[in-house]
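Single-structure report; data block below.
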Amino acid sequence: MKCYQSILASALLLTISQGAVAHSNQGDGLTLQKTENLILSTDKISDFVIAAGSGKLKVFASDVDSIEVVAEIYQRNAHNDYCLSLKKSGKKAKLVSVSCNHNKDTIIDLTIEVPKGLHLDVEDGSGSVNISGVASLKLKDGSGSINISKVDGKIEINDGSGSIDIKHINNDVFIEDGSGSIHVRNVSGKVTVSDGSGSINVNKVDSFELLSDGSGSVNVDNISGQVIMDN
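Under this note's numbering, the first residue of the sequence shown carries the number 220, and numbering increases by one thereafter.
Here it is in structure tokens:
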């Protein structure tokens, strides 16, 4: 069943660039079958919600007035059994990028350019996540490395597994992590961590609190305020 939706509204411009050139390998025999481009005006939009399945996710902010998505579709054989949509609802924009019908034969890599003032709420299945320059971030991630930088607002991360690297943040950071190393530095705010396993390295932050730590080293340096180790 074809689950791909093409959404046209007054605030939404959707363009699709289809190329059946299979030249890049994504692993497990998957190759690039198609590239799609989605554009949505952010007039009166303050929040951006992303629901992504398997694939790389890169989000960066710049001086633009729209959300621009480049989606690279990797499959063994080209088919349309995936869901990809970008739409507006009130003051929110939502991007959905997942395989349909539990079909694991599709991986979608996303590169997204957004305005600097957007607040980001992301639920990601697997694959690396790179986010920079957004107003604030709430991230729930299954697995894969996470790299966050240059965020002015609060950051909340709930992560299953994979390394986490956070730097140049101008607000509080909260991390709940299952496994994987954590590196946090240059934060003008409080850093709070609840960790299952993996090393924790925190440097040059206002204050730090460790709620819990299953296993792994904890290294804390150059903290200007209070340090609390509840574990």
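Quick reminder that beta carbons are idealized off the backbone N, C-alpha and C, glycines included.
Around Gly-399, the same chain offers Ser-380, Gly-381, Ser-382 and Gly-417 as residues with beta carbons nearer than 6 Å, after the five sequence neighbours per side are excluded. The beta strand (DSSP E) runs of length 3 or more contained entirely in the stretch 286-362 are, from start to end of the chain, 301-308, 311-318, 325-334, 338-345, 348-351 and 355-362. For Asp-414, the enclosing beta strand (DSSP E) starts and ends at 401-416.
The beta-carbon distance between Ile-401 and Ile-419, rounded to whole angstroms, is 5 Å. This is short enough to meet the 8 Å contact definition.
Taking each of Leu-303, Ile-376 and Ile-258 in turn and checking the Cα distance to Val-283, the smallest one comes out for Ile-258.
In this structure, Val-421 places its C-beta atom within 8 Å of the C-beta atom of Val-439.
Looking only at Asn-405, Lys-386, Ile-376 and His-298, the smallest Cα-Cα distance to Lys-253 is reached by His-298. Bounds of the beta strand (DSSP E) holding Lys-423 are 419-434. The shortest C-alpha to C-alpha distance from Asp-384 to any of Ser-273, Glu-342 and Val-406 is the one to Val-406. Between the stretch 307-325 and the stretch 261-274, the count of Cβ pairs shorter than 8 Å is three or higher; the stretches touch. For Ile-383, the secondary structure class from DSSP, reduced to helix, strand or coil, is strand. Boundaries cannot be given for Asn-389, as no beta strand (DSSP E) includes it and DSSP labels it neither H nor E. Residue state for Gly-444 is assigned as coil, using DSSP reduced to three classes. Approximately 15 Å separates the beta-carbon atoms of Ile-350 and Gly-274; this is outside 8 Å, ruling out the contact. Taken through DSSP and simplified to helix, strand or coil, Ser-364 comes out as coil. Bounds of the beta strand (DSSP E) holding Ser-260 are 249-260. Between the alpha carbons of Ile-442 and Asn-390 lies a gap of roughly 15 Å.
With respect to Ile-376, Thr-325 sits apart: the two C-beta atoms are not nearer than 8 Å. In the DSSP assignment, the residues bridged to Ile-269 are Leu-314 and Val-341.
For Val-278, the enclosing beta strand (DSSP E) has its first and last residue at 276-281.
For Asp-378, DSSP records a beta bridge to Asp-360 and Asp-396. Annotated three-state conformation of Lys-373 is coil, per DSSP. Ala-290 is positioned such that its CB atom lies no closer than 8 Å to that of Lys-335.
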